[in-house]
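Q:
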Amino acid sequence: MVNLRYIWRPFLKYGQMIKLEENTTIYYQGEVGKGFYYLDKGSVKITLLTEKGAERTVNYVPEGMLLGENGINKEPYLTTAVTTAPSVLYYFTNETTLKIYEEEPKAVILFTNSLLYKFRLLAEIITFLNLPVEQQMAHYLVKLIKENEEFPFNQTSFARYVGTSRITVNKIIQKWSKEKLIELSNQNIYIKNISKLKEIRDQNSKNIGDLDMLMLPVI
Numbered sequence: 001m002v003n004l005r006y007i008w009r010p011f012l013k014y015g016q017m018i019k020l021e022e023n024t025t026i027y028y029q030g031e032v033g034k035g036f037y038y039l040d041k042g043s044v045k046i047t048l049l050t051e052k053g054a055e056r057t058v059n060y061v062p063e064g065m066l067l068g069e070n071g072i073n074k075e076p077y078l079t080t081a082v083t084t085a086p087s088v089l090y091y092f093t094n095e096t097t098l099k100i101y102e103e104e105p106k107a108v109i110l111f112t113n114s115l116l117y118k119f120r121l122l123a124e125i126i127t128f129l130n131l132p133v134e135q136q137m138a139h140y141l142v143k144l145i146k147e148n149e150e151f152p153f154n155q156t157s158f159a160r161y162v163g164t165s166r167i168t169v170n171k172i173i174q175k176w177s178k179e180k181l182i183e184l185s186n187q188n189i190y191i192k193n194i195s196k197l198k199e200i201r202d203q204n205s206k207n208i209g210d211l212d213m214l215m216l217p218v219i
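Following full-length UniProt numbering, the numbering of the sequence shown begins with 1 at its first residue and continues without gaps.
(1) Alpha carbon to alpha carbon, what distance is there between Pro-132 and Tyr-6?
(2) Would you call the CB atoms of Leu-181 and Asn-193 closer than 7 Å?
(3) Buried or exposed: where does Met-17 fall if 16 or more other Cβ atoms within 10 Å of its Cβ makes it buried?
(4) Would you decide whether Thr-112 is buried or exposed? Buried here means 16 or more other CB atoms lie within 10 Å of its CB.
(5) Rounded to the nearest angstrom, what separates Tyr-14 and Ile-100 at their Cα positions?
(6) Is Ser-114 buried or exposed, if buried means 16 or more other CB atoms sit within 10 Å of its CB?
(7) Between Met-137, Gly-64, Lys-45 and Gly-35, which has its C-alpha nearest Pro-10's C-alpha?
(8) Between residue 221 and Met-137, which are expected to be in contact by the criterion C-beta below 8 Å, what is the C-beta distance as a whole number of angstroms?
(9) According to DSSP, simplified to helix, strand and coil, what is Ile-145?
(10) Expressed to the nearest angstrom, what Euclidean distance is found between the alpha-carbon atoms of Asn-70 and Lys-45?
(11) Among Thr-96, Leu-39 and Leu-121, which residue has its Cα nearest to the Cα of Lys-143?
(12) For Ser-87, is the classification buried or exposed, using 16 other Cβ atoms within 10 angstroms of its Cβ as the cut-off for buried?
(13) So that I know if they touch, is there some Cβ in chain D lying closer than 7 Å to that of Lys-45?
(14) Going by CA-CA distance only, name the one from Leu-110, Asn-130 and Lys-118 that's closest to Gly-68.
(15) Using beta-carbon positions only, say whether Thr-83 and Gln-29 come within less than 7 Å of one another.
Shown next as structure tokens:
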């Protein structure tokens with residue numbers, strides 16, 4: 001898969017730079033979109049409000065990625081985006097995007113590739129919904145750390161990401177720690193045996209495909 005990190009960097013000159021503090025909502029699920037964003041520095045989590053009213057974290061946006069692409073052309077945002085650290089973003093309105101397309105034709109392909117990646121992420125989430133919690137945790141942990149180098153660990157936040165209880169997350173984390181699959185240090189998780197975690201992730205996963213293709217390596 002084409003590496004999508006930082007592909008939009010050449011077009012930042014067209015965008016509006018925005019500096020946000022931690023825990024600031026960038027856009028809300030259902031809000032009518034007026035454009036999209038590029039995460040230059042910081043961290044953003046993407047949450048989804050289910051039909052039952054439960055909030056689930058569905059992704060953490062790595063630096064150098066677009067977010068809120070579906071907000072273009074006044075489409076409603078499908079999720080909510082919230083900063084999890086002081087962040088710098090660039091905002092692109094619909095009008096600005098059209099100007100970029102006119103002056104930089106290759107931007108159309110790059111934007112489309114980013115959209116396709118997001119659809120694949122949605123398919124990934126749906127695939128994992130009914131799998132055992134340990135299998136889900138193995139996948140999301142490998143994904144988070146591969147995309148962000150190290151993951152500031154908060155059991156409550158991770159439980160929302162996996163869609164389970166904090167108690168269940170803690171039980172599995174302690175199990176993996178004893179088995180030396182991971183190491184906890186200064187509220188960060190470090191993977192010590194990625195091969196074993198991938199084995200757990202891939203158990204009975206005949207229809208999942210190559211999950212590593214959905215991960216964006218840190219550059």
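Note that CB positions come from ideal geometry on N, CA and C, so glycine has one too.
A: Walking through what the data contain:
(1) Taking the first residue of the sequence shown as 1, we reach residue 6 at position 6. Taking the first residue of the sequence shown as 1, we reach residue 132 at position 132. When rounded, the distance between both Cα atoms is 34 Å.
(2) Here residue 181 corresponds to residue number 181 of the sequence shown, with the count starting at 1. Here residue 193 corresponds to residue number 193 of the sequence shown, with the count starting at 1. Their beta carbons are under 7 Å apart, which means Leu-181 touches Asn-193 by this criterion.
(3) Counting from 1 along the sequence shown, the entry for residue 17 is found at position 17. Classification for Met-17: exposed.
(4) Translated into the one-based positions of the sequence shown, residue 112 becomes position 112. Label assigned to Thr-112: exposed.
(5) Looking up residue 14 in the sequence shown gives position 14. Looking up residue 100 in the sequence shown gives position 100. Roughly 7 Å separates the two Cα atoms.
(6) In the sequence shown, residue 114 corresponds to position 114, counting from 1. With 16 or more Cβ atoms within 10 Å of its Cβ, Ser-114 is classed as buried.
(7) Your numbering for residue 10 matches position 10 in the sequence shown. Minimum Cα distance to Pro-10 is reached at Gly-64.
(8) Any answer about residue 221 is impossible in this case: the structure gives the chain only from 1 up to 219.
(9) Position 145 of the sequence shown, counted from the first residue, corresponds to residue 145. DSSP places Ile-145 in helix when its eight states are reduced to three.
(10) Position 70 of the sequence shown, counting from 1, holds the residue named residue 70. Position 45 of the sequence shown, counting from 1, holds the residue named residue 45. Cα to Cα, the separation comes out at about 16 Å.
(11) Against the sequence shown, residue 143 aligns to sequence position 143. Nearest option by C-alpha distance: Leu-121.
(12) Position 87 of the sequence shown, counted from the start, is the residue given in the question as residue 87. Buried: at least 16 other Cβ atoms inside 10 Å.
(13) Of the protein chains in the structure, only one exists, and it is not chain D.
(14) Position 68 of the sequence shown, counted from the start, is the residue given in the question as residue 68. It is Lys-118.
(15) The residue you call residue 83 lines up with position 83 of the sequence shown. The residue you call residue 29 lines up with position 29 of the sequence shown. No, the Cβ-Cβ distance between Thr-83 and Gln-29 is not below 7 Å.
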